[in-house]
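Colleague: Numbering of the sequence shown is given in our numbering, commencing with residue 10 and proceeding in unit increments.
Quick one: structure below, then a few questions.
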Amino acid sequence: MFHYLWLLMGLRSLAMGALHPPQPEVMTPLVAAALEILAEQVSPSQSTLAVMDLTQDAEHRDDRQEQLMNIILRSVGSEMALRTFQKPPAEVPASFVVFLVNSAEAFNTLGFHFTDFHSTREFNFLILLTRRMSSRAERLEVLRDISRTCVRFHTSNVILITEKRDGVVLVYAYSLLNMDCDLSVSLELIDIYENGLFRHGHEARSFNRGLSLSGCPLQVSWYPLAPFVSFIGNSSDPEERAQTWRLTGIDGELIKLLASIFHFRILLEEPCDKCLSHDIKDDCSGCFDQVIFSNSSILIGAMSG
Ligand SMILES: *[C@@H]1O[C@H](CO)[C@@H](O)[C@H](O)[C@H]1NC(C)=O
Ligand SMILES: *[C@@H]1O[C@H](CO)[C@@H](O)[C@H](O)[C@H]1NC(C)=O
10 MFHYLWLLMG LRSLAMGALH PPQPEVMTPL VAAALEILAE QVSPSQSTLA
60 VMDLTQDAEH RDDRQEQLMN IILRSVGSEM ALRTFQKPPA EVPASFVVFL
110 VNSAEAFNTL GFHFTDFHST REFNFLILLT RRMSSRAERL EVLRDISRTC
160 VRFHTSNVIL ITEKRDGVVL VYAYSLLNMD CDLSVSLELI DIYENGLFRH
210 GHEARSFNRG LSLSGCPLQV SWYPLAPFVS FIGNSSDPEE RAQTWRLTGI
260 DGELIKLLAS IFHFRILLEE PCDKCLSHDI KDDCSGCFDQ VIFSNSSILI
310 GAMSG
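Written as structure tokens, this is what we have:
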């Protein structure tokens, strides 16, 4: 196993330590919670951990943040391969990234370009909002803003943590669909760290908590073709189509399984034909057109042949 380490800032603080007597570094609840999450979620052999210290104004370092970064490096550095950054890199550097940010603007300075190569990788962000916000509304506003940036990066494995003035650490995640299924970002408080303990087991704050579509309805277009898709009953009858047990066959069973895993409801359209385009006026209801015109989200029934 390789243990390599880039200690850009660590060296800098060592040099400064030679001039001033070293300040005892206090392990704040925020850092203690972050270290615990890293210890349980990132295996040392899994990857290199990137640690990014981003402030809104890169010229003026945030002393408190710099101290937090030092503690993280010292605590994690002997366990794991690390890369550290004090300004945004052009590309996402590792699968696991810890961000220290004091504002949404600091996080928004990131401008990754996802290439085809990146789209095959999955990223996990642990974001420490280091500034203590004066109100809950302000805190949620900043975290929502950061979450929206994560959505732009196509990253959903995100844990956001922040410390309140009373030392309680709040652990958030975001989901893309809220109860109204309107595709907005909603924040979810997934755990609380208080007096050195999390309230829940580590599954609650795992990076990959899975996608939930919160019971949202998804239109399903289908081309009846056994053994892929069959319908038991009268598929022209809307009442019968609402009874999803009637949908069967390989694709039919698969879509029902996916619906139970990702919590979406199946709204089965009337059966459609494999038409190529609506331009060809041949009275064909057109499965592909239904998807192209966003009348449905899913198409089943051996459509590739
Ligand atoms: C199937 O359902 C449709 C719509 O309810 C109805 O018009 C039609 O008569 C039904 N066909 C049969 C064979 O029952
Ligand atoms: C899509 O839905 C609209 C509105 O319900 C309808 O007018 C249109 O014909 C549908 N298109 C296809 C391809 O099904």
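All C-beta atoms in this analysis are idealised placements derived from N, C-alpha and C, irrespective of residue type, glycine included.
This one's a predicted model, so the numbers in the text were calculated from it and none came from an experiment.
1. Secondary structure at aspartate 246, three-state DSSP: helix, strand or coil?
2. For ligand 1, is there a heavy atom less than 8 Å away from the beta-carbon of glutamate 248?
3. Whose C-beta lies closer than 6 Å to the C-beta of asparagine 117 among residues of the same chain, with five residues either side of it excluded?
4. Leaving aside the five residues before and after aspartate 71 along the sequence, list all residues of the same chain whose C-beta is less than 6 Å from its C-beta, in chain order.
5. Taking glutamine 76 as part of the alpha helix (DSSP H), name the residues at either end of that continuous run.
6. Quick check: is any heavy atom of ligand 1 less than 8 Å from the C-beta of asparagine 245?
7. Nearest-angstrom Cα distance between glutamate 45 and phenylalanine 105?
8. With a 10 Å radius around its C-beta and 16 neighbouring C-beta atoms as the bar for buried, classify serine 305 as buried or exposed.
9. Residue range of the alpha helix (DSSP H) that aspartate 298 falls in?
10. Alpha carbon to alpha carbon, how far is isoleucine 201 from glutamate 249? Give it in angstroms, no decimals.
11. Ignore the nearest five residues each way along the sequence and tell me which others in glutamine 6's own chain have a CB closer than 7 Å to its CB.
12. Excluding sequence positions up to five away, which residues of its chain have a Cβ less than 7 Å from the Cβ of valine 194?
13. Can you give me the C-alpha to C-alpha distance between proline 226 and threonine 257, rounded to a whole angstrom?
14. Roughly how many whole angstroms lie between the Cα atoms of asparagine 166 and leucine 58?
15. Using 10 angstroms around the beta-carbon of leucine 17, count the other beta-carbons present and answer buried if the total reaches 16, otherwise exposed.
16. According to DSSP, what are the bridge partners of threonine 93?
17. Ignoring anything shorter than 3 residues or poking outside the stretch 120 to 202, list the beta strand (DSSP E) runs there in chain order.
18. Thinking just about the alpha-carbon of each residue, which of Met89, Glu88, Thr93 and Ser244 is nearest to the one in asparagine 79?
Modeller: Considering the structure as presented:
1. Correct three-state label for aspartate 246: coil.
2. Within the cutoff, so yes.
3. By the criterion of a C-beta distance shorter than 6 Å, asparagine 117 is surrounded in its chain by Thr158, once the five residues flanking it on both sides are discounted.
4. Only residues of its own chain outside the window of five on either side were considered, and among them Thr64 and Asn111 have a CB closer than 6 Å to the CB of aspartate 71, listed in chain order.
5. Per DSSP, glutamine 76 belongs to the alpha helix (DSSP H) from 72 to 85.
6. Looking at the sequence shown, residue 245 is not asparagine but serine. Correct: serine 245 has its Cβ closer than 8 Å to ligand 1.
7. Going by C-alpha positions, glutamate 45 is about 15 Å away from phenylalanine 105.
8. Per the 10 Å Cβ criterion, buried.
9. That run of the alpha helix (DSSP H) goes 296 to 301.
10. Across the structure, glutamate 249 and isoleucine 201 are spaced so that their CA atoms are roughly 46 Å apart.
11. With the chain covering only 10 through 314, there is no way to say anything about residue 6.
12. So the list reads Arg153, Ser156, Arg157, Val160, Tyr183 and Leu185, once near-sequence residues are dropped.
13. Those two C-alpha atoms are separated by around 19 Å.
14. Spanning the two alpha carbons is a distance of roughly 15 Å.
15. Its pLDDT being 36, under 50, leucine 17 is placed unreliably by the model, and nothing is read from it.
16. Under DSSP, threonine 93 shares a beta bridge with Val60.
17. Entirely contained in the stretch 120 to 202, the beta strand (DSSP E) runs reaching 3 residues are, in chain order, 133 to 138, 166 to 172 and 178 to 184.
18. Closest option to asparagine 79, Cα to Cα, is Thr93.
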